[in-house]
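Asker: Below: one structure in structure tokens.
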Amino acid sequence: MGLKKTKSKKIVALGLGLLFLVPTAAAPWYAPVYTVILLTSILMYMTISVSWALFSGPTGYISLASAAFFGAGIYTAAIVGKALPLPLMIVAGALVSACLALLVGALTLRLKGIYFVMFTFGLVELLLHFILWWEVTMSGTTGRVVPPAGNATVFYAMLIILVILILTVLMIRRSRYGLALLSIGENEEAAAHAGVHVTALKVSIYAVSALFMGAAGAAMATRWTYIDPRIAFNPLISFVPVLMAIFGGIRPIYGPIIGAAIFTYLEEFLITRFPYYYMLIFGIIMVVAILYMPDGLVGLTQRIWKKMARRNHADT
Amino acid sequence: MIVTILDIIISGLLLGGIYAVTAVGLSLQYGVARVLNIAHGEFIMLGAFITFTLYTRLGIDPLISFVICGPVVFAVGFLLYRTLFTRLRNTSPTAGAFEGNSMLACFGLLFIIQNLAILIWGADMKGYTYLAFSVDFWGARFAANRLVTLGFAIAICLVFYLFLANTRMGKAIRAAAQDPETAGLMGVRINRVLALCFGFGALMAGLGGALISISYKIQPTMGLEYTMIALIVIVLGGLGSIPGSFLGGLVLGLVGSIVTHIEPGLSLVAYYVIFMLLLLIRPKGILGK
């Protein structure tokens, strides 16, 4: 009975996933260019947000280095962009970003709690200011030009990255690594005593999460065409996906996806008309979400759902 | 040569004095109230802009407007802790969860305060001239406003240190810093003390901002940079150690001034390198236990 139920649940989830995926994937054929561009940024935020939640969700280590990994992807794309075709460029961006994460993770994942947060945030600013200084004094010019790709191409690149990411996340969750990762979040020492190779696991999952952020960065670089350090290492890329994930709910995989979709749409809707009000509203929603929705939108709906279900039972 | 060295040292101390004031505030908020206030820089910015407005609109002397801008930011901080953070503290299952949640809530505050400020004051750089004459020191010349800033920075830290060391409230704060639970059992009104700490942290940030506005240009988006510097300073000095933060501020100011002398574009990079090395080698900081 229970098995049957989970099986049917899985089919429903798969069906729902396809229901969203198919019209989205066909968008460049029927939708106006504007919609495709908007969808591309939604996919970008989804990718960053889901990759962030992949590592920070189960472990509880709040990483603010997303902008560094994303930016590493962008910069790699800018450097190798003239020599390599788009797919290889994205792979290069992903690999550079993952290597950076391996290095950072090996150095810092011994740090606990708040120290880790500070370090990861420092990393973004360090890279930003270092590259800025390098470009101003060494090469004499700030900013680079990335060979542009068409809107539809970038859109499909982002879509493929996101789909691979989601499959990866689902696989990791179902494997023993996913469980081990959860156990680190619950009690790191106990996990280590139970035989989990804590550091290696944390570092490798951190690298996987950075891999996808780097890929997203490399893909988006071709849409922006001109980049400089302040665009590539924008600290908002570290904060905003965290808020999206928290707003949606960190634990289930669709939490960050829903959060990213809602916020990116809100951003698009508000930022052209009232840019400062958008950030203001963003902040207010953030505070309210942390105060009243500890498990995000998904948790909130589940709570309401349960309450309603209980009421139904009481009636009969 | 000697004049150059003196020049570097004094500009370092000037910068360090400002860093020290803001970092002491953050140290209080994190060390006692356990809130890693990412929005600290926004309180600095508020202090700077209140001082700016009072001076340019009403002609109130920036040093006198301390008396107005200090209490305003203190009240904002105190009320925030009383409402937002107390609720979070009660709903968070563990101390670690509270640290994470409160930090994320501070992100929200950062966006709220920053964008309210942009809506009120506009996004442009602002500044005013005050005490803009220079003073000679053995051949090196310094702007009077910077010297006044340094003097006030040291005085503010000293007054605050004496307050912590000698008053009943200061004793309660130190007790709460060591162990909030036990302090509560000993009759310290813990929620009020923690809220006061957060308020005092905001107060120091506000005063720091007022000092910054005397010597530097200000902008509603300036907060994050000062937050990062304050973070680096409190790690340098040892998390939660008030004298450590003061010392760390001066040290970092000196480092900044030396690096700026050698390679102007690299001072922020140097701060982050120091910060990261510290976190890796000695996360306890200079005066940490």
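One line per chain: the protein sequences are A and B, in this order. Numbering-wise, the working numbering comes out as the position in the first sequence, counting from 1, plus 90. Numbering-wise, the working numbering comes out as the position in the second sequence, counting from 1, plus 5. Where a beta carbon is used, it is the ideal one built from N, C-alpha and C, also for glycine.
What in chain A is Cβ-close to B:Gly101, meaning under 7 Å?
Answerer: Near B:Gly101 (Cβ distances below 7 Å), the residues of chain A are Gly203.
Asker: Return the chain-ordered list of same chain residues with a C-beta closer than 7 Å to the C-beta of A:Ala247, the five sequence neighbours on each side being excluded.
Answerer: Counting only Cβ-Cβ distances below 7 Å, and skipping sequence neighbours, we find Leu176, Ile180 and Ala309.
Asker: Sort A:Glu215, A:Val170, A:Gly230 and A:Glu278 by Cα distance to A:Ala322 and report the nearest one.
Answerer: Nearest option by C-alpha distance: A:Glu215.
Asker: Using 10 angstroms around the beta-carbon of A:Ile394, count the other beta-carbons present and answer buried if the total reaches 16, otherwise exposed.
Answerer: Its Cβ having fewer than 16 others within 10 Å, A:Ile394 is exposed.
Asker: Does DSSP put A:Asp318 in a helix, in a strand, or in coil?
Answerer: Correct three-state label for A:Asp318: coil.
Asker: Given A:Leu272, which residues of its chain have a CB within under 7 Å of its CB, disregarding the five upstream and five downstream residues?
Answerer: For A:Leu272, where only same-chain residues beyond five positions count, the Cβ hits under 7 Å are Pro148.
Asker: Tell me where the alpha helix (DSSP H) around B:Phe157 begins and ends.
Answerer: Where B:Phe157 is concerned, the enclosing alpha helix (DSSP H) stretches over Ala149 to Asn171.
Asker: Counting only beta-carbon separations shorter than 8 Å, does A:Glu215 have a partner in chain B?
Answerer: At least one chain B Cβ lies under 8 Å of A:Glu215.
Asker: When you compare each of A:Tyr368, A:Thr243 and A:Pro331 to A:Ala143 by their alpha carbons, which one comes out closest?
Answerer: Here the closest residue by C-alpha is A:Pro331.
Asker: With C-beta atoms as the reference, is B:Ala200 less than 8 Å away from B:Ile49?
Answerer: Against a cut-off of 8 Å, the Cβ pair of B:Ile49 and B:Ala200 comes out as no contact.
Asker: Could you check what DSSP says for B:Asp141 in three-state terms: helix, strand or coil?
Answerer: Correct three-state label for B:Asp141: strand.
Asker: Considering just the uninterrupted stretch of the alpha helix (DSSP H) at A:Pro342, what are its terminal residues?
Answerer: Premise fails: A:Pro342 is in no alpha helix (DSSP H) and is neither H nor E.
Asker: To the nearest angstrom, how far is the alpha carbon of A:Asp385 from that of A:Gln392?
Answerer: C-alpha separation (whole angstroms): 9 Å.
Asker: Which residues in chain A sit within 8 Å of B:Leu89, going by Cβ to Cβ distance?
Answerer: By Cβ distance, chain A contributes Val377 and Leu381.
Asker: Let's test the definition: count the other Cβ atoms within 10 Å of the Cβ of B:Ser250 and tell me whether it reaches 16, buried, or not, exposed.
Answerer: Result: buried.
Asker: With three or more C-beta pairs closer than 8 Å as the rule, is the segment 39-49 of chain B touching the segment 218-237 of chain B?
Answerer: Touching, yes.
Asker: What do you reckon, are the CB atoms on A:Trp207 and A:Ile152 nearer than 8 Å?
Answerer: Contrary to the premise, residue 207 of chain A reads as Val rather than Trp in this sequence. Contact flag set, yes.
Asker: Considering only the beta carbon of each residue, do A:Ile374 and A:Ala305 sit closer than 8 Å?
Answerer: It is not a contact, given that the beta carbons lie outside the stated cut-off.
Asker: Starting from the beta carbon of A:Thr227, find every residue of chain B whose beta carbon is closer than 7 Å, and list them in chain order.
Answerer: Gly270, listed in chain order.
Asker: Would you mind stating whether B:Arg322 and B:Leu169 have Cβ atoms separated by less than 8 Å?
Answerer: This structure does not reach residue 322 of chain B, given that chain B is present from 6 up to 294, and the question cannot be answered.
Asker: Here's the rule: buried if 16 or more other CB atoms are within 10 angstroms of the residue's CB, otherwise exposed. What is A:Ser265?
Answerer: Exposed: under 16 other Cβ atoms inside 10 Å.
Asker: By a C-beta neighbour count over all protein chains shown, 10 Å radius and 16 as the cutoff for buried, is B:Met108 buried or exposed?
Answerer: By the 10 Å Cβ count, B:Met108 comes out buried.
Asker: How would you write the range of the alpha helix (DSSP H) that B:Ser218 sits in, first residue to last?
Answerer: It spans Ile195 to Ser220 - the alpha helix (DSSP H) in which B:Ser218 sits, taken as one unbroken run.
Asker: Please name the residue, chosen from B:Gly253, B:Ala207, B:Gly228 and B:Gly290, that lies closest to B:Leu31 on a Cα-to-Cα basis.
Answerer: Among B:Gly253, B:Ala207, B:Gly228 and B:Gly290, the Cα nearest to that of B:Leu31 is on B:Ala207.
Asker: Is the beta carbon of B:Leu283 closer than 8 Å to that of B:Val240?
Answerer: Yes, the pair counts as a contact, with Cβ atoms nearer than the cut-off.
Asker: Counting only Cβ-Cβ distances shorter than 7 Å, please list the residues of the segment 174-186 of chain B near chain A, keeping chain order.
Answerer: Those would be none; no residue qualifies.
Asker: Say the cut is 7 Å; is the CB of A:Gly147 nearer than that to a heavy atom of the ligand SAH?
Answerer: No copy of the ligand SAH appears in this structure; indeed no ligand is present at all.
Asker: Alpha carbon to alpha carbon, how far is A:Arg167 from A:Ala280?
Answerer: The question names Arg, but residue 167 of chain A is Ala in the sequence shown. Cα-Cα distance, rounded: 42 Å.
Asker: Applying a beta-carbon distance threshold of less than 7 Å, which residues of chain B neighbour A:Trp223?
Answerer: The contacting residues are Gly270, Leu271 and Val274.
Asker: What is the DSSP secondary structure of B:Ile223, reduced to helix, strand or coil?
Answerer: B:Ile223 falls in the strand class under three-state DSSP.
Asker: Mind checking if A:Phe323 is an interface residue toward chain B, Cβ cutoff 8 Å exclusive?
Answerer: Chain B, which has no Cβ nearer than 8 Å to the Cβ of A:Phe323, makes this no.
Asker: Is DSSP giving A:Lys397 helix, strand or coil here?
Answerer: Here A:Lys397 sits in helix by DSSP.
Asker: For A:Gly161, which residues of its own chain have a beta-carbon under 7 Å away from its beta-carbon, when the five flanking residues on both sides are left out?
Answerer: Answer for A:Gly161: Leu217, Gly307, Ala322 and Phe323, listed in chain order.
Asker: Taking buried to mean at least 16 other C-beta atoms within 10 Å of its own C-beta, is A:Phe110 buried or exposed?
Answerer: Result: exposed.
Asker: Of the residues that make up the segment 231-248 of chain B, which ones have a beta carbon closer than 9 Å to any beta carbon in chain A?
Answerer: Flagged, chain order: Met233, Leu236, Ile237, Val240 and Leu244.
Asker: Kindly identify the DSSP beta-bridge partner or partners of A:Val235.
Answerer: Beta-bridge pairing links A:Val235 to A:Tyr316.
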